[in-house]
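A quick write-up on the structure given underneath.
Number of protein chains: 2
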Amino acid sequence: MNMMKNVKFLKCIQCGKEYPALPDATTCLCGGILDVVYDYDYIKTKLNKVVLSKRNDQTMWRYRELLPIEEDTSPEGLRVGNSPLYESPRIAEDLGTKQLYVKDDGFNPTSSLKDRASAMAVTKAKEAGYSTIACSSTGNAASSLAGNAAAAGLSTYIFVPARAPKGKIAQLMMFGANLTAVDGSYEETFDLSKKAIDKYGWYNRNAAINPYLSEGKKTVALEICEQLNFEAPDYVAVSVGDGCTIAGVYKGFYDMFSVGLTDKIPRLISVQAEGCCPINTAVTSGQPWTPQQENTFADSIAVGVPRNADKAIKAIIDSNGICVNVSDDEIKEAQKYLAKNSGVFAEPAGATATAGLIKLSLEGKLDKNAVIVSIATGNGLKDIDSAIKTVGEPIHCKNDLKEFEEKFNL
Amino acid sequence: MNMMKNVKFLKCIQCGKEYPALPDATTCLCGGILDVVYDYDYIKTKLNKVVLSKRNDQTMWRYRELLPIEEDTSPEGLRVGNSPLYESPRIAEDLGTKQLYVKDDGFNPTSSLKDRASAMAVTKAKEAGYSTIACSSTGNAASSLAGNAAAAGLSTYIFVPARAPKGKIAQLMMFGANLTAVDGSYEETFDLSKKAIDKYGWYNRNAAINPYLSEGKKTVALEICEQLNFEAPDYVAVSVGDGCTIAGVYKGFYDMFSVGLTDKIPRLISVQAEGCCPINTAVTSGQPWTPQQENTFADSIAVGVPRNADKAIKAIIDSNGICVNVSDDEIKEAQKYLAKNSGVFAEPAGATATAGLIKLSLEGKLDKNAVIVSIATGNGLKDIDSAIKTVGEPIHCKNDLKEFEEKFNL
Chain A
1 MNMMKNVKFL KCIQCGKEYP ALPDATTCLC GGILDVVYDY DYIKTKLNKV
51 VLSKRNDQTM WRYRELLPIE EDTSPEGLRV GNSPLYESPR IAEDLGTKQL
101 YVKDDGFNPT SSLKDRASAM AVTKAKEAGY STIACSSTGN AASSLAGNAA
151 AAGLSTYIFV PARAPKGKIA QLMMFGANLT AVDGSYEETF DLSKKAIDKY
201 GWYNRNAAIN PYLSEGKKTV ALEICEQLNF EAPDYVAVSV GDGCTIAGVY
251 KGFYDMFSVG LTDKIPRLIS VQAEGCCPIN TAVTSGQPWT PQQENTFADS
301 IAVGVPRNAD KAIKAIIDSN GICVNVSDDE IKEAQKYLAK NSGVFAEPAG
351 ATATAGLIKL SLEGKLDKNA VIVSIATGNG LKDIDSAIKT VGEPIHCKND
401 LKEFEEKFNL
Chain B
411 MNMMKNVKFL KCIQCGKEYP ALPDATTCLC GGILDVVYDY DYIKTKLNKV
461 VLSKRNDQTM WRYRELLPIE EDTSPEGLRV GNSPLYESPR IAEDLGTKQL
511 YVKDDGFNPT SSLKDRASAM AVTKAKEAGY STIACSSTGN AASSLAGNAA
561 AAGLSTYIFV PARAPKGKIA QLMMFGANLT AVDGSYEETF DLSKKAIDKY
611 GWYNRNAAIN PYLSEGKKTV ALEICEQLNF EAPDYVAVSV GDGCTIAGVY
661 KGFYDMFSVG LTDKIPRLIS VQAEGCCPIN TAVTSGQPWT PQQENTFADS
711 IAVGVPRNAD KAIKAIIDSN GICVNVSDDE IKEAQKYLAK NSGVFAEPAG
761 ATATAGLIKL SLEGKLDKNA VIVSIATGNG LKDIDSAIKT VGEPIHCKND
811 LKEFEEKFNL
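Chains A and B are the protein sequences, given in the same order. FYI, the numbering for the first sequence is 1 to 410, going by my numbering. FYI, the numbering for the second sequence is 411 to 820, going by my numbering.
Written out as structure tokens, the structure reads:
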């Protein structure tokens with residue numbers, strides 16, 4: 001049944017049990033998350049720098065040899081991926097390092113990195129013959145699923161915590177999702193979605209259930225490698241909530257290294273909010289993760305019960321990663337700093353990676369001779385209310401030059 | 411002084427007087443707007459389909475032979491342009507026409523078409539040696555200038571009407587602009603900016619003053635031609651406020667035709683809000699335009715005193731264009747329709763072109779055998795409050811499968 005010559009099988013990251021790579025695979029019987037295992041020897045015969053340099057496809061699908069889709073699948077829908085990687089000498093100088101790049105992944109069709117996973121979900125759902133997809137999400141996965149599904153003509157059932165920012169709710173409603181705002185935590189939201197999906201048999205886009213989604217997310221790392229001319233950076237900073245994104249980022253760099261397109265895997269810098277950092281706590285303590293409160297305004301990473309903690313923790317440890325937690329005030333400062341110095345207006349969780357780098361720099365812990373990439377995972381327009389609180393009100397003025405000059409001390 | 415071999419001179423569209431193409435040129439002594447006149451014979455020797463097909467630059471600057479920048483200028487800053495052109499067979503079928511494309515120009519760094527003009531402004535300001543740029547705007551031009559200037563290390567003074575949506579204000583403040591929210595109409599906002607710019611000598615990014623900005627905007631049309639494999643569409647629908655965008659769109663198609671890359675200029679469909687349609691009124695009445703009230707929720711096109719009416723009116727007439735006015739309710743319906751059927755969530759003014767097409771279709775006035783492009787000029791996340799009003803509140807539910815099923819009639 002597996003038409004994917006590049007994929008060997010799915011393998012449980014807990015117990016090691018192997019499964020055929022069916023398009024609607026979920027978790028292992030033991031409850032563990034499945035990982036897609038590739039045939040890198042086969043992929044090496046198909047993919048190299050010359051092939052990539054001649055390829056016109058400017059979407060995430062340009063790396064299709066490293067993606068779990070069938071050879072005759074033509075992905076449709078929105079144009080996902082190929083987000084800009086901006087070098088910022090100014091930020092590098094401020095941080096005291098050699099080179100600093102901002103990967104603006106808010107520059108995607110529904111304005112977040114999650115479009116990469118949703119495009120994958122839509123493609124796999126179509127391969128499997130489903131017409132309805134469902135998920136729970138803190139917001140971005142939801143709105144990206146709704147948008148990508150709308151473009152591809154699929155219907156959606158989507159569950160978000162009622163606290164999700166208005167921007168994400170507005171997107172969901174506009175895209176015509178069957179939307180439920182759950183009065184409760186993200187965990188309760190996830191739980192309700194699971195019960196409904198189990199009963200109605202919709203295609204499951206919950207990232208810690210569906211093994212293909214982090215394969216979509218990993219394309220952000222594949223792009224970074226190609227954008228840096230196949231020199232992997234030394235460090236990649238990324239904000240962490242559910243754990244799926246950092247796991248995907250690691251997988252992308254692992255793939256690139258495994259097929260010989262890069263010569264190292266960057267050290268991951270896992271940045272969480274101080275008020276909600278179960279994954280970093282687990283890594284630094286060496287203990288299993290335990291649930292935490294969701295005390296941060298950075299809604300996209302306010303995940304007290306991360307659904308993909310195991311893959312995330314493994315990714316951080318395997319990359320010899322660094323954990324850093326930042327306060328909400330530090331995130332706000334980083335959001336303003338990033339926008340003003342790079343022109344990238346990121347949502348709070350999108351600026352969290354930068355906040356982590358600033359903190360490491362201030363503590364003297366940042367490598368002075370490094371190439372660092374900071375991933376901005378979502379656009380600041382997603383959460384305008386919090387942005388307005390962060391920046392304050394503008395200066396008001398009548399059509400009067402004197403009043404203007406006084407207010408700006410000109 | 412003119413280092414631009416592709417540009418002959420600037421020419422007043424009112425009195426015909428010619429000026430050298432200095433990077434900080436403004437208007438004619440007679441008050442008329444200047445147009446950039448190209449040497450198409452020279453450009454033909456440099457630009458053709460083969461050259462374009464080999465070019466890696468995936469930004470608006472890939473058309474640099476048709477852009478008014480010096481040959482040794484290296485534009486810097488955000489990655490502007492190359493927005494997606496989505497074909498939508500579903501919408502084409504609903505409208506009763508052959509092919510329908512949505513040009514999603516909200517897919518730009520600060521999420522609107524205005525990034526094309528702001529990238530041009532930043533580039534010309536740097537050519538001219540300025541370090542501060544100023545403009546007035548209904549919002550998008552302002553936020554795009556602030557973002558593009560931040561990326562390029564320039565400072566900005568920006569004037570918006572106090573009614574500008576919060577999303578745009580948030581962007582401006584985040585990007586570190588010196589922002590003035592003017593308590594008054596767009597005309598008063600423009601007037602205050604003019605007085606300040608005249609006094610302080612900042613680089614002027616007001617689109618009807620600076621002749622280069624519509625040259626940036628025209629890249630949306632250049633891209634459409636290339637994305638359609640150099641077959642110009644039959645019609646292009648675009649929302650109209652200040653008039654600069656539709657003038658730029660026309661110029662782009664005119665350029666492409668003039669250098670022989672396409673064989674026709676599309677008919678423009680100029681769509682304005684019923685509550686603010688001075689340009690369409692002028693075209694259909696054959697009379698000079700007169701000021702109107704700004705009675706529409708589509709803030710980006712709520713321009714009662716259009717600053718580029720002359721160029722816009724000329725563009726509509728020269729293209730044998732069509733004028734259509736739509737109500738706010740029609741814009742709201744189009745906004746939902748476009749998002750649900752294409753996955754493109756546009757701001758109200760961004761969905762206005764689609765509203766015009768729907769109206770023409772309902773009135774039986776839409777060509778049944780046409781290739782039509784509808785330009786979505788800005789992302790819906792720019793104005794979430796109005797989006798929420800349009801879509802209403804989501805269904806709330808506790809973590810309870812029965813309650814969920816009842817609310818969705820499952």
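All C-beta atoms in this analysis are idealised placements derived from N, C-alpha and C, irrespective of residue type, glycine included. Please read these numbers as outputs of a predicted model, since none were measured by experiment.
Compare the C-beta of residue 601 of chain B with all C-beta atoms of chain A and state if any pair is closer than 8 Å.
yes
Output, in chain order, the set of chain A residues within a Cβ distance shorter than 8 Å of residue 790 of chain B.
170, 171, 174
Would you kindly work out how many angstroms separate the C-alpha atoms of residue 542 of chain B and residue 564 of chain B, rounded to a whole number?
6 Å
Consult DSSP for residue 80 of chain A and reduce its assignment to one of helix, strand or coil.
coil
Given that residue 736 of chain B touches chain A, what residues does it touch there, using C-beta distances under 8 Å?
Going along chain A, no residue has its Cβ under 8 Å from residue 736 of chain B, so there is no contact; the nearest lies around 18 Å.
Taking a contact to mean a Cβ-Cβ separation below 8 Å, would you say residue 260 of chain A touches residue 312 of chain A in this structure?
no
In the segment 213-243 of chain A, which residues sit with their C-beta less than 9 Å from some C-beta in chain B, listed in chain order?
none
Verify whether the separation of the beta carbon atoms of residue 498 of chain B and residue 752 of chain B is less than 8 Å.
yes
Beta strand (DSSP E) runs wholly inside the segment 549-574 of chain B, at least 3 long, in chain order:
565-571
Going straight from the alpha carbon of residue 776 of chain B to that of residue 689 of chain B, what length do you get?
21 Å
Taking 8 Å as the threshold (C-beta atoms), are residue 789 of chain B and residue 528 of chain B in contact?
no
Is the beta carbon of residue 384 of chain A closer than 8 Å to that of residue 576 of chain B?
yes
Residues within the segment 588-615 of chain B neighbouring chain A, beta-carbon criterion of under 8 Å
588, 589, 590, 591, 592, 593, 594, 598, 599, 601, 602, 605, 606, 609, 610
Within 8 Å (strictly less), CB to CB, does residue 139 of chain A reach chain B?
no
Sheet register partners of residue 509 of chain B (DSSP bridge)
B:781
Use the C-beta contact count for residue 633 of chain B: other C-beta atoms within 10 angstroms, 16 or more gives buried, fewer gives exposed.
buried
Considering only C-alpha positions, which residue in the set A:169, A:41, A:70, A:197 is nearest to residue 141 of chain A?
A:169
Is the Cβ of residue 131 of chain A closer than 8 Å to any Cβ of chain B?
no
Does the segment 639-646 of chain B come within contact of the segment 666-684 of chain B, defined as at least 3 CB pairs closer than 8 Å?
yes
For chain A, check one thing: does any of its Cβ atoms lie closer than 8 Å to the Cβ of residue 459 of chain B?
no
Within chain E, partners of residue 707 of chain B - CB distance below 9 Å
As a matter of chain content, chain E is missing from the structure shown, whose protein chains are A and B.
State the CB to CB distance for the pair residue 43 of chain A and residue 66 of chain A, rounded to an integer number of angstroms; the pair is presumed to be in contact (CB under 8 Å).
6 Å
For residue 397 of chain A, return the contacting residues in chain B, with the cut-off set at a CB-CB distance below 8 Å.
590, 591, 592, 593, 602
Beta-carbon separation of residue 736 of chain B and residue 683 of chain B under 8 Å?
yes
Along the segment 480-494 of chain B, where does the CB come closer than 7 Å to a CB of chain A? Name the residues.
487, 488, 489, 494
Please state the DSSP three-state secondary structure of residue 378 of chain A.
strand
Residues bridged to residue 420 of chain B by DSSP?
B:429, B:446
How do the segment 418-432 of chain B and the segment 598-614 of chain B stand: do at least 3 beta-carbon pairs fall below 8 Å, yes or no?
no
Grouping DSSP H, G and I as helix and E and B as strand, with all else coil, what is residue 514 of chain B?
strand
List the residues of chain B that residue 100 of chain A touches, going by C-beta distances under 9 Å, in chain order.
Within chain B, no residue comes near residue 100 of chain A; the closest Cβ sits about 14 Å away, beyond 9 Å.
Run down chain B in chain order and give the residues with a C-beta less than 7 Å from the C-beta of residue 166 of chain A.
794, 798
Over the uninterrupted alpha helix (DSSP H) stretch that includes residue 635 of chain B, give me the two end residues.
629-637
Beta-carbon neighbours of residue 557 of chain B, restricted to chain A and to distances below 9 Å
339, 343, 344, 345
For residue 164 of chain A and residue 587 of chain B, what's the separation of their Cα atoms in angstroms?
28 Å
Every unbroken beta strand (DSSP E) within the segment 34-73 of chain A, with a cutoff of 3 residues, ordered by chain
34-38
Is the CB of residue 804 of chain B under 8 Å away from at least one CB in chain A?
yes
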